[in-house]
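Before any comments, here is the structure.
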């Protein structure tokens, strides 16, 4: 027994130590420390499933099948039903993954393709995982893959899922490092995560936000659905989607429903069918003018005088592959450097790959400047096409006696009369003269139909006009911010009158309820509204408690995006300033409270507080150490032996713990029985097959007897033996 205990004392060498290790190996994940067992295979596979769940919405479905196939192959291989995966099989698997990704995306040089390749490598690594080192590599690749998931989304659900996945992966590493079982591994994992939380919070608050360390090419996609060109019927398709375009909070006055016109693109070129943007670079080249006359990069518009701002808004923008930035009317200034176009369009310096915060000042009105292209550019029409529309414009112009305002009023009055109607499901226009077909045949359409027709009629009469594509309205949340969605997409017209652009919305004449209440208020063709979102919670707005749940979730998600994901340099500066102000106030409070004068008294107070904090930390550390010792009999006995050594009763060289306790029991008089019981409990805990409940009970008894030994020896004193 002494030899066995000596082996345990020296770190586990000897026949009994080998027996104890064999018992421990039955509960360990890796039985011999090298070979991968079915238990660890299951542990790694569950970790892969948790990580893949983070990518589920974006990854190809066949990657899930690959995960099951690889795990199944390894399981059958462990059952000796399949051979080891050789180099040819692994190379073939990698080639298959590359081929499938190429067929899926058409290229590997893109974010989705690269993420798919990482997922494939993560799954295939299990084929060549045979020992502890390989298992650790699988876990570490899983952590990298978990981090990559935030390239897709940074929402609350993604963060919660990533936390679960990371906890499982850390627990796997702890288990691989020698934990005796799942319960111990989870306890250590919880402790590690708890210890890392304060450091994580400190780094989040103080560490500056860095730009991306690499640039990943984005697949062409758009979350808003708006494009650089529109034709009648295009925006009608957006009424089918409830995807979010952006959220906005106003500082100061909020716009009325009739003022919520969000400019995105100005469309000034008409080819007879579609309206498209005139980009500044080709326009400057065509007119032989400097590019700076059409676009400037700055944080304030060079085209609009200062002091004309009516609205200041903080926008939380959704990701989009185009650099558009919405503004309420003409943009004046922004919190970041932007591209200000002379036509009133605001563009970012780059597309948005993640949600971003941007503060914008704007007028709420159409621009007051026409630009270097002049009114002639905005009066151009194709030489031929839409003859009926041209004839109608000529007749109305004559009836208005050349008065542009009267002409536009007559057009708007015409739209407000039957049989014109506003519908979300307009008939398809197929002829070469689509404006004619709309005005004289179908007479039913959406905002783009009426905006296009009004702009063509105005240009036919010689009035400069253009179409503006953007959004109208937005749902106001009880917390005070607005959510603008795809179905809020809208088109209207700007005409050059009285020395400035003026907004005219023909929708106000044909369907005023669309202006006040949004597209959901349109009864005709309402079956198209949210047709692509059959499970959208917006369909349940009339169900009180469901709508309340939806609003509560949107409130939580908005605060997360704005306060956590949107935490940038300005927010950090404000927070640190508030913290410094609080510390300054605390210093002054100490100076006023303590006797003495000013700074000296405050220093004394701080020294006292530091002493109290240090004492609290020492007590906490002592309590944690005792708590951990109470769950480890070896630590309890080693601590007792160290204390006995200070009393002159330390162990002899090579003496096992149990033998040491029994030897001094005969010399310790009153503490002798307690020392004998300590030795018995120790041997039972180390070498007997005990259930979990009995083991915990014996550890408690061992801790009590150790306290009794210390108490009795302190009371009676001791002498070296």
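Numbering (the numbering used here), first residue to last: 16 to 736. Here a beta-carbon is modelled for each residue, glycine too, at the ideal position from N, C-alpha and C.
Could you check what DSSP says for residue i in three-state terms: helix, strand or coil?
| i | result |
| --- | --- |
| residue 573 | helix |
| residue 551 | coil |
| residue 388 | coil |
| residue 314 | strand |
| residue 701 | helix |
| residue 532 | helix |
| residue 435 | coil |
| residue 422 | helix |
| residue 335 | strand |
| residue 492 | coil |
| residue 519 | strand |
| residue 650 | helix |
| residue 485 | strand |
| residue 327 | strand |
| residue 210 | helix |
| residue 91 | helix |
| residue 70 | coil |
| residue 297 | helix |
| residue 39 | With a pLDDT of only 36 at residue 39, under the threshold of 50, the placement of this residue in the model should not be trusted; the figure read from the coordinates follows. DSSP places residue 39 in helix when its eight states are reduced to three. |
| residue 375 | strand |
| residue 47 | With a pLDDT of 39 at residue 47, under the threshold of 50, the modelled position of this residue cannot be trusted; read the value that follows with caution. In this structure, residue 47 counts as coil in the three-state DSSP scheme. |
| residue 138 | helix |
| residue 284 | strand |
| residue 498 | strand |
Smallest Cα separation from residue i: which of the options?
| i | options | result |
| --- | --- | --- |
| residue 701 | 708, 729, 647, 670 | 647 |
| residue 350 | 340, 344, 358 | 340 |
| residue 66 | 181, 171, 102, 80 | 181 |
| residue 456 | 243, 507, 436 | 436 |
| residue 500 | 726, 533, 652 | 533 |
| residue 206 | 186, 216, 195 | 186 |
| residue 157 | 64, 445, 404 | 64 |
| residue 374 | 429, 114, 324 | 324 |
| residue 308 | 386, 329, 319 | 386 |
| residue 272 | 390, 491, 370 | 491 |
| residue 519 | 654, 414, 462 | 462 |
| residue 366 | 335, 478, 131 | 335 |
| residue 113 | 684, 77, 653, 725 | 77 |
| residue 160 | 111, 188, 105, 131 | 131 |
| residue 724 | 684, 203, 438, 105 | 684 |
Count the other CB atoms, across all protein chains shown, that sit within 10 Å of the CB of residue i; report buried if there are 16 or more and exposed otherwise.
| i | result |
| --- | --- |
| residue 560 | exposed |
| residue 514 | exposed |
| residue 326 | buried |
| residue 627 | exposed |
| residue 738 | Past the boundaries of the shown model lies residue 738; the chain is included only from 16 to 736, so the question cannot be answered. |
| residue 183 | buried |
| residue 277 | buried |
| residue 599 | exposed |
| residue 712 | exposed |
| residue 443 | exposed |
| residue 127 | buried |
| residue 353 | buried |
| residue 89 | buried |
| residue 195 | exposed |
| residue 423 | buried |
| residue 286 | exposed |
| residue 200 | buried |
| residue 729 | exposed |
| residue 259 | buried |
| residue 163 | buried |
Ordered along the chain, which non-local residues of its own chain (more than five positions away) have a Cβ less than 6 Å from that of residue i?
| i | result |
| --- | --- |
| residue 694 | 673, 676, 677 |
| residue 565 | 552 |
| residue 75 | 119 |
| residue 464 | 247, 453 |
| residue 523 | 530 |
| residue 383 | 515 |
| residue 12 | Only positions 16 to 736 of the chain appear in the structure, and residue 12 is not among them; the question remains open. |
What residues in its chain sit with their C-beta under 7 Å from that of residue i, if we drop five residues either side in the sequence?
| i | result |
| --- | --- |
| residue 150 | 51, 55, 59, 144, 191 |
| residue 517 | 381, 509, 510 |
| residue 3 | Because the chain is modelled from 16 through 736, residue 3 falls outside the range shown and cannot be assessed. |
| residue 361 | 340, 342, 346, 353, 355 |
| residue 398 | none |
| residue 317 | 311, 355 |
Decide yes or no for the touch test of the stretch 469-481 against the stretch 407-416: beta carbon pairs closer than 8 Å, at least 3 of them.
-> Flag = yes, the stretch 469-481 and the stretch 407-416 touch.
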